[in-house]
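A.B. asks:
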Amino acid sequence: MVEARTSPPSPFPVILQCCAAKKHRRRLTLRKMPDLEQSVHRKADTGTDRRHATQPETYAQIGKVAATGWAGRSLNTLSRTTGRALLLIGLIAAATAMAAMLTACAPTYDNVADQMLVDTQKQADDGLLKLENLGNETDSLKKSTNAADKKALTAAEAQASYASNVDFYSKLQSSMTALDDRITSNPDLSTQKIAPALKALEDNIDSVRQTHATQNELSPDFAKLTRQQMDQQFKALTVYELTIKNGSKPQ
Amino acid sequence: MAIDWNQVGKDVEAAVINVLKGSWGTVSTAAGPQIQAMIAIGQSIEQSNSQGRLTPLEYDTLKAMEKRAFAGILHSYEAVGIVIAEQAADAAWNVISQALIKGAGIAFA
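In order, the protein sequences belong to chains Y and H. Going by the working numbering, the first residue of the first sequence is number 1, and it counts up by one from there. Going by the working numbering, the first residue of the second sequence is number 1001, and it counts up by one from there.
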């Protein structure tokens, strides 16, 4: 679009005004070529779009302007092309990453949760093994009529009582709560599948606690069987952690 | 009468498969060892009872723990809902319970 000119020649070459965007870019490119612009603008007063000019010298001027503006146009084209390429690369990378996430859906291995699992199992094992040993000791001492053994039996029964082991159960349940929170906080669908197994273990610990509270003691066989049974449950959770560690998705 | 725990193991697996049906193939890797653990507990209960070293409350607690653990593992699989998991656990322990009652004479089993 050629603007009517009544004032001195504009620094913007009329012949390159093919659209608003191109016009702006060419302003930046050709601002420093006043000699060429002057010759072009001699024809601009007619209001004719210079792209359609018929005078040979005008075409020559157009060619000169085009040639000298080639570097600027190329730079603009290059920057535009580069920007588009970078945007396309970024979109492809994002789409690829999203596709990988959606198809794999494997949770991220959490070494802290893994260590918490190990520590909690050891805590349960240590406590139940202590109760098993105390149970065996009291059973053995009960068979003795020795006064010293009777005194030792009283002490052993006191150690095996529920009151003496409340701390064990409380700390173990606290560890299980922390473990549950850590494992299930992993933002992956598969972590919700492990929640029932975790809850079953927590409920079983509570069952042992209630039995101990009711009887005020645990038979050594019960303590042993409970430890074996809980080890199976911890093992299932360990398999889950190791599956994730190996980069696989738990079933 | 001595309990044939090998046969009990097969019966337990058959009872679980009967409940899980097509889902057994999915869960068998994790459920298999848990079934073996239940059999081992059953054997230990038989031995402990013969020596009078297990109270009825402790037996009930062990039974509940075993069923809960088994159901928890089954329910961890998307293919098995909580109801089916509990039914499978009940079916498994019923086989063990019957074996303890008939084979070891444990009244509270």
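For every residue, glycine included, the Cβ atom is placed at its ideal position computed from N, Cα and C. No experiment lies behind these values; they were computed from the predicted model shown.
(1) So L131 (chain Y) and L141 (chain Y) are in contact, right, with Cβ under 8 Å, and what is the actual spacing, rounded?
(2) Tell me whether N216 (chain Y) sits in a helix, a strand or coil according to DSSP, three-state version.
(3) Would you call the region 1001–1010 of chain H in contact with the region 166–178 of chain Y, where contact means no fewer than 3 C-beta pairs closer than 8 Å?
(4) Quick one: is D180 (chain Y) buried, meaning 16 or more other Cβ sit within 10 Å of its Cβ, or exposed?
(5) Using the Cα positions of Q229 (chain Y) and P187 (chain Y), report the straight-line distance between them to the nearest angstrom.
(6) Taking the runs of the alpha helix (DSSP H) that are 4 residues or longer, which of them lie wholly in the region 175–248 of chain Y?
(7) By Cβ distance below 7 Å, which residues in the same chain neighbour L134 (chain Y) in space, the five residues on each side in sequence not counted?
(8) Are the C-beta of E1046 (chain H) and some C-beta of chain Y separated by less than 8 Å?
(9) From the beta carbon of S1076 (chain H), is the nearest beta carbon of chain Y less than 8 Å away?
(10) Give me, in chain order, the residues of the same chain whose beta-carbon lies closer than 8 Å to that of Q1036 (chain H); leave out the 5 immediate sequence neighbours on both sides.
(11) Looking at chain H, which residues of the region 141–168 of chain Y have a Cβ within less than 8 Å of any of its Cβ atoms?
(12) Would L1054 (chain H) count as contacting chain Y if we go by Cβ distances under 8 Å?
(13) Using a cut-off of 8 Å between C-beta atoms, extract the partners of V118 (chain Y) located in chain H.
(14) Consider the Cβ of T103 (chain Y): report whether some Cβ of chain H lies at a distance smaller than 8 Å.
(15) If the cut-off is 7 Å on Cβ atoms, which residues from the region 192–203 of chain Y count as contacting chain H, listed in chain order?
(16) Nearest CA to the CA of K162 (chain Y): which residue from Y:T120, Y:T211, Y:T184, Y:L87?
(17) Note down the Cα distance separating T82 (chain Y) from A93 (chain Y), rounded to an integer number of angstroms.
(18) Look at T214 (chain Y) and L1100 (chain H) and say whether their C-beta atoms are less than 8 Å apart.
(19) Can you tell me whether DSSP reads A113 (chain Y) as helix, strand or coil?
(20) If the cut is a Cβ gap below 8 Å, which residues of chain Y does Q1098 (chain H) touch?
(21) Determine the burial state of A147 (chain Y): buried for a count of at least 16 other Cβ atoms within 10 Å of its Cβ, exposed for fewer.
(22) Return yes when the Cβ of I1003 (chain H) is within less than 8 Å of the Cβ of E1046 (chain H), no when it is not.
(23) Going by DSSP in three states, D45 (chain Y) sits in which element: helix, strand or coil?
(24) Between I1115 (chain H) and V1019 (chain H), which are expected to be in contact by the criterion C-beta below 8 Å, what is the C-beta distance as a whole number of angstroms?
C.D. replies: Looking at the coordinates:
(1) Mapped onto the first sequence, residue 131 (chain Y) falls at position 131. Mapped onto the first sequence, residue 141 (chain Y) falls at position 141. Not really, about 15 Å apart at Cβ, beyond 8 Å.
(2) Position 216 of the first sequence, counting from 1, holds the residue named residue 216 (chain Y). Reduced to three states, the DSSP call for N216 (chain Y) is coil.
(3) no
(4) Here residue 180 (chain Y) refers to the residue found at position 180 when the first sequence is read from its first residue. Buried.
(5) Numbered from its first residue, the first sequence carries residue 229 (chain Y) at position 229. Numbered from its first residue, the first sequence carries residue 187 (chain Y) at position 187. The alpha-carbon atoms of Q229 (chain Y) and P187 (chain Y) are separated by roughly 29 Å.
(6) 191–215, 220–245
(7) Taking the first residue of the first sequence as 1, we reach residue 134 (chain Y) at position 134. Hits under 7 Å: A156, Q159, A160.
(8) Residue 1046 (chain H) sits at position 46 when you count from the first residue of the second sequence. No - not a single Cβ of chain Y is within 8 Å of the one on E1046 (chain H).
(9) For this step, residue 1076 (chain H) is matched to residue 76 along the second sequence. Closer than 8 Å to some Cβ of chain Y, the Cβ of S1076 (chain H) qualifies, so yes.
(10) Taking the first residue of the second sequence as 1, we reach residue 1036 (chain H) at position 36. Once the five neighbours on either side are set aside, the close Cβ partners of Q1036 (chain H) are G1009.
(11) Residues passing the 8 Å Cβ filter: none.
(12) Locating residue 1054 (chain H) in the second sequence gives position 54, counting from the first residue. Yes, L1054 (chain H) lies at the interface with chain Y (some Cβ there is under 8 Å from its Cβ).
(13) Numbered from its first residue, the first sequence carries residue 118 (chain Y) at position 118. The premise fails here: V118 (chain Y) is roughly 19 Å from chain H at the closest Cβ pair, so nothing lies under 8 Å.
(14) Here the question's residue 103 (chain Y) lines up with position 103 in the first sequence. Note that T103 (chain Y) scores a pLDDT of 44, beneath 50, so its modelled location is shaky; the value from the coordinates is reported in the next line. Chain H contact via Cβ: absent.
(15) K193, I194, P196, A197, K199, A200, D203
(16) Position 162 of the first sequence, counting from 1, holds the residue named residue 162 (chain Y). Sequence inspection shows Tyr at residue 162 (chain Y); the Lys mentioned does not correspond to that position. Of Y:T120, Y:T211, Y:T184, Y:L87, the residue nearest in Cα terms is Y:T211.
(17) Position 82 of the first sequence, counting from 1, holds the residue named residue 82 (chain Y). Position 93 of the first sequence, counting from 1, holds the residue named residue 93 (chain Y). Approximately 16 Å between the Cα atoms of the pair.
(18) As a first step, residue 214 (chain Y) must be located in the first sequence, where it is residue number 214. As a first step, residue 1100 (chain H) must be located in the second sequence, where it is residue number 100. No, the Cβ-Cβ distance between T214 (chain Y) and L1100 (chain H) is not below 8 Å.
(19) For the purposes of this step, residue 113 (chain Y) is taken as residue 113 along the first sequence, with counting starting at 1. A113 (chain Y): helix per DSSP, three-state reduction.
(20) Here residue 1098 (chain H) refers to the residue found at position 98 of the second sequence. What Q1098 (chain H) touches in chain Y: nothing, since even the nearest Cβ is about 20 Å away.
(21) Residue mapping note: residue 147 (chain Y) aligns to position 147 of the first sequence, counting from 1. Flag for A147 (chain Y) reads exposed.
(22) Taking the second sequence and counting its residues from 1, the one referred to as residue 1046 (chain H) is at position 46. Taking the second sequence and counting its residues from 1, the one referred to as residue 1003 (chain H) is at position 3. Yes, they are a contact pair.
(23) Along the first sequence, one-based indexing puts residue 45 (chain Y) at 45. Residue placement at D45 (chain Y) is poorly supported in this model, since its pLDDT is 42, which falls under 50; the coordinates still yield a value, given next. Helix, per DSSP.
(24) Because residue 1115 (chain H) is not part of the residues shown, which for chain H are 1001 to 1109, the question remains open.
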